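One structure below.
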Amino acid sequence: MTRSFLSRRRSVRTDASASLESDIVATLSPSNTLPHGSSIPDLDEDVMETICAFTEDIHDLLSVSLACSTMWRIAIRQLLRTQTIRLNSRKVICGFREFILNQKPTRAQHIRSLAILHDAWSPGHRLFHLNDMGDQLMDILDCAVNLDTLDLSLDNFEFNRADRYARLSSAIASMRALRHLSLSDPYLLGTIIVLNALSSPPVTICIRSTTIFPVPFLIPPPSPLKIATALDRFQSTPSVLTSLHFDFISLNEDTFALPQIRSVRSVFVSEVRGGPRLDVLLHLFPNLDGTLRLRLTPQERFRLFDNELRLAQIRDDNRRTQEVHHWARLDMLDCEAMTAFAFALQCPVRRLTISRFDSRVLADMRPQHLVVTSIRLPQDLTLINDCTRTPSLCAGSQASHVVLVLAHEAQDHRAENVDFMPRRSENVVFKSAVQALAFFPHVTHARLVFECYKDHPFRDELDEYDLVHQMRECASISPDGRILAACPSLRCLVVTAAGRDESQAGIPSHGGWFATRAWRVVEGNDRQRTTGRAEPASRRLEELSDYAARSIIEAEDLGLPDELEQNLASYGM
1 MTRSFLSRRR SVRTDASASL ESDIVATLSP SNTLPHGSSI PDLDEDVMET
51 ICAFTEDIHD LLSVSLACST MWRIAIRQLL RTQTIRLNSR KVICGFREFI
101 LNQKPTRAQH IRSLAILHDA WSPGHRLFHL NDMGDQLMDI LDCAVNLDTL
151 DLSLDNFEFN RADRYARLSS AIASMRALRH LSLSDPYLLG TIIVLNALSS
201 PPVTICIRST TIFPVPFLIP PPSPLKIATA LDRFQSTPSV LTSLHFDFIS
251 LNEDTFALPQ IRSVRSVFVS EVRGGPRLDV LLHLFPNLDG TLRLRLTPQE
301 RFRLFDNELR LAQIRDDNRR TQEVHHWARL DMLDCEAMTA FAFALQCPVR
351 RLTISRFDSR VLADMRPQHL VVTSIRLPQD LTLINDCTRT PSLCAGSQAS
401 HVVLVLAHEA QDHRAENVDF MPRRSENVVF KSAVQALAFF PHVTHARLVF
451 ECYKDHPFRD ELDEYDLVHQ MRECASISPD GRILAACPSL RCLVVTAAGR
501 DESQAGIPSH GGWFATRAWR VVEGNDRQRT TGRAEPASRR LEELSDYAAR
551 SIIEAEDLGL PDELEQNLAS YGM
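So this is what it looks like as structure tokens:
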């Protein structure tokens, strides 16, 4: 599973490490006395370098730094090189600035990742802070010339101050090693300043507009795609921009006036206005072959779902557009199922992530890897079963790698689903998984994610409890053997159970859960060994270790979208 670009090479932060910024600043504070004692044996400096290089945990790194003065310098240098320094409070900003300026020549050059978060530019109470936070932040940015990753929030940035404008441009221009840039900006004014100041393009640019428009027709929404003009000057440089992230874009006729961004291979958009228009995307990003991830606005989704004629028209338009030019391939497409159908892509897609099961999309695209992020229990099972029994709808069932999220949001609708009433003698959840996997007879690697959420009791509480209980226990019991019969080519199965039951919070056995287990399929012929007769080899599931499970998820690309993965993990906290 690929992480978001700002955390791809960083350790994942948990709630337990949320206060580490203060710990770091306290350790880095120049007022602290360096450890002069030798709590460890004398070691060569290259050995100390190796120790620090293999120490990833921040707490461990800070502990090692206290061993002796030489180790302190090496450990702090390693910390600056490997950890994201998050400037999110006055204490952290002041402390880190003091630390850097205390020995600027030897410390500033090692800063690799910096995050200046929301409201960091707020001036504070000037009676007690003669140098406001903005000036202190600029002091830090001026020093960080070797940054690899910068997450910069420009909320409350004072663009009416010429000196601040000039300092920001100068600081950005000096960052020649910058590879990953993330900008959060209310009106995208600072974004243009930063992009124009870049001396070379980063590999990845993420642009977020933090403005909320309560009256859209009075204040025009920002158009991040206008940054194409600022980036056009980099088209002929050997260092190219390959990935763009937007929180919002508008696909309209005006876009055709913008220059093409030919170097971009992947595009991520949180909200698209203007519908799934392939002509605009092909114009802006003609060489896209990596990842295309986008979500339509709620209004656009409603128009597609509610108007089959409009959907057919968009689909026809997209087909005609691709007669002139289409992408050679896409590694990953992540969007709503209806959007994928409207695109009518003519290029092969290796991995498809869609929000719900849609046989038309699968037959149209025939991906090798498929992720369906929401198969509702029990509502969507009938749809899948109908497709399984209809040969014309099974054209998209050739995927070799499948990730299915079977979601149950407990609601009081049991009377309308009598056929789905669970019986004590069967595990209806795994039965549902067998029915879902039956549509993919050629699957070799499958991951089943059982997600359940319940926040209040229901009238048919006993049956409801059985279903919630089964969802919770899916990762602690062996999978149903019928999965092997439904998937004769299956080689590996990963099961994740995640959920929360808040309806009986006072009961210790209730609450949240999150667990993942994995099994590989092995061939066995026990009867031949005991009877001496040659018989067909039986297949069985052999459980793997946690490490092997994580390795398989990564190696076989069985991960979920970052947001969903994080949401599921939060259930177990």
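With UniProt numbering, the residue at position 67 of the sequence shown is 67, and numbering never jumps. Backbone N, C-alpha and C define an ideal beta-carbon position, used for all residues, glycine too. All figures in this text were calculated on a predicted structure; none of them were measured in a lab.
Range of the contiguous alpha helix (DSSP H) that encloses residue i
{"i": "I193", "result": "L189 to A197"}
{"i": "R107", "result": "K104 to R107"}
{"i": "E563", "result": "D562 to Y571"}
{"i": "F305", "result": "P298 to D306"}
{"i": "E554", "result": "D546 to A555"}
{"i": "S359", "result": "S359 to M365"}
{"i": "H283", "result": "L278 to L284"}
{"i": "I140", "result": "M133 to C143"}
{"i": "F430", "result": "V428 to L437"}
{"i": "R329", "result": "R329 -> no alpha helix (DSSP H), and no H or E assigned at all."}
Cβ-Cβ distance between residue i and residue j below 7 Å
{"i": "V434", "j": "I483", "result": "yes"}
{"i": "S538", "j": "G559", "result": "no"}
{"i": "C394", "j": "L437", "result": "no"}
{"i": "L292", "j": "G274", "result": "no"}
{"i": "S397", "j": "F440", "result": "yes"}
{"i": "E542", "j": "R520", "result": "yes"}
{"i": "R351", "j": "M332", "result": "yes"}
{"i": "N318", "j": "A340", "result": "no"}
{"i": "D142", "j": "H118", "result": "no"}
{"i": "L152", "j": "I93", "result": "no"}
{"i": "D232", "j": "P259", "result": "yes"}
{"i": "L377", "j": "H408", "result": "yes"}
{"i": "C492", "j": "H445", "result": "yes"}
{"i": "A197", "j": "S174", "result": "no"}
{"i": "I76", "j": "L114", "result": "no"}
{"i": "E271", "j": "F248", "result": "yes"}
{"i": "V402", "j": "L370", "result": "yes"}
{"i": "R176", "j": "D148", "result": "no"}
{"i": "A399", "j": "P367", "result": "yes"}
{"i": "R161", "j": "Q136", "result": "no"}
Spatial neighbours of residue i in its chain, beta-carbon cut-off 7 Å, leaving aside the 5 residues before and after
{"i": "V405", "result": "V372, T373, S374, I375, V449 and E451"}
{"i": "L383", "result": "F357"}
{"i": "S478", "result": "L541"}
{"i": "E563", "result": "none"}
Own chain residues within Cβ distance below 8 Å of residue i, not counting five before or after
{"i": "G572", "result": "A498, G512, W513, F514 and A515"}
{"i": "residue 574", "result": "This structure cannot speak to residue 574, because the chain is shown only from 1 to 573."}
{"i": "L80", "result": "R107, H110, I111 and R112"}
{"i": "M338", "result": "R301, L304, F305, L311 and D358"}
{"i": "R361", "result": "This sequence places Val at residue 361; Arg is not what is there. So the list reads A337, A340, F341, L352, I354 and G396, once near-sequence residues are dropped."}
Three-state secondary structure assigned by DSSP to residue i
{"i": "F217", "result": "Note that F217 scores 45 on pLDDT, short of 50, meaning its location in the model is unreliable; the coordinates nonetheless yield the value given after this. If DSSP states are grouped into helix, strand and coil, F217 belongs with coil."}
{"i": "D151", "result": "strand"}
{"i": "G95", "result": "helix"}
{"i": "D334", "result": "strand"}
{"i": "E523", "result": "strand"}
{"i": "H125", "result": "Confidence in H125 is poor, its pLDDT being 45 and thus under 50, which makes the residue's placement unreliable; the coordinate value appears in the next sentence. Three-state result, H125: coil."}
{"i": "E158", "result": "coil"}
{"i": "S266", "result": "strand"}
{"i": "H469", "result": "helix"}
{"i": "R112", "result": "coil"}
{"i": "residue 630", "result": "It is not possible to answer for residue 630, since the shown part of the chain is limited to 1 through 573."}
{"i": "L244", "result": "strand"}
{"i": "S200", "result": "coil"}
{"i": "L172", "result": "Note that residue 172 is Ile in the sequence shown, not Leu. Reduced to three states, the DSSP call for I172 is helix."}
{"i": "A446", "result": "strand"}
{"i": "A486", "result": "helix"}
{"i": "I207", "result": "strand"}
{"i": "L294", "result": "strand"}
{"i": "F440", "result": "coil"}
{"i": "I100", "result": "helix"}
{"i": "C474", "result": "coil"}
{"i": "residue 651", "result": "No statement about residue 651 is possible, as the shown extent of the chain runs from 1 to 573 and does not include it."}
Extent of the continuous beta strand (DSSP E) run through residue i
{"i": "S538", "result": "S538 to E543"}
{"i": "A230", "result": "Careful: A230 lies outside any beta strand (DSSP E), inside the alpha helix (DSSP H) at I227 to L231."}
{"i": "L183", "result": "H180 to D185"}
{"i": "L493", "result": "C492 to D501"}
{"i": "I375", "result": "H369 to R376"}
{"i": "T352", "result": "Contrary to the premise, residue 352 reads as Leu rather than Thr in this sequence. Counting along the chain, the beta strand (DSSP E) containing L352 begins and ends at V349 to I354."}
Cut-off 6 Å between Cβ atoms - residues of its own chain near residue i, not counting five sequence neighbours on either side
{"i": "T496", "result": "V449 and T516"}
{"i": "R500", "result": "Y453, G512 and Y571"}
{"i": "L181", "result": "L150, P202 and I205"}
{"i": "L462", "result": "The predicted model places L462 with a pLDDT of 43, which falls under 50 and marks its position as unreliable, so this point remains unresolved."}
Do three or more CB pairs link the segment 302 to 314 to the segment 241 to 248 at distances below 8 Å? no
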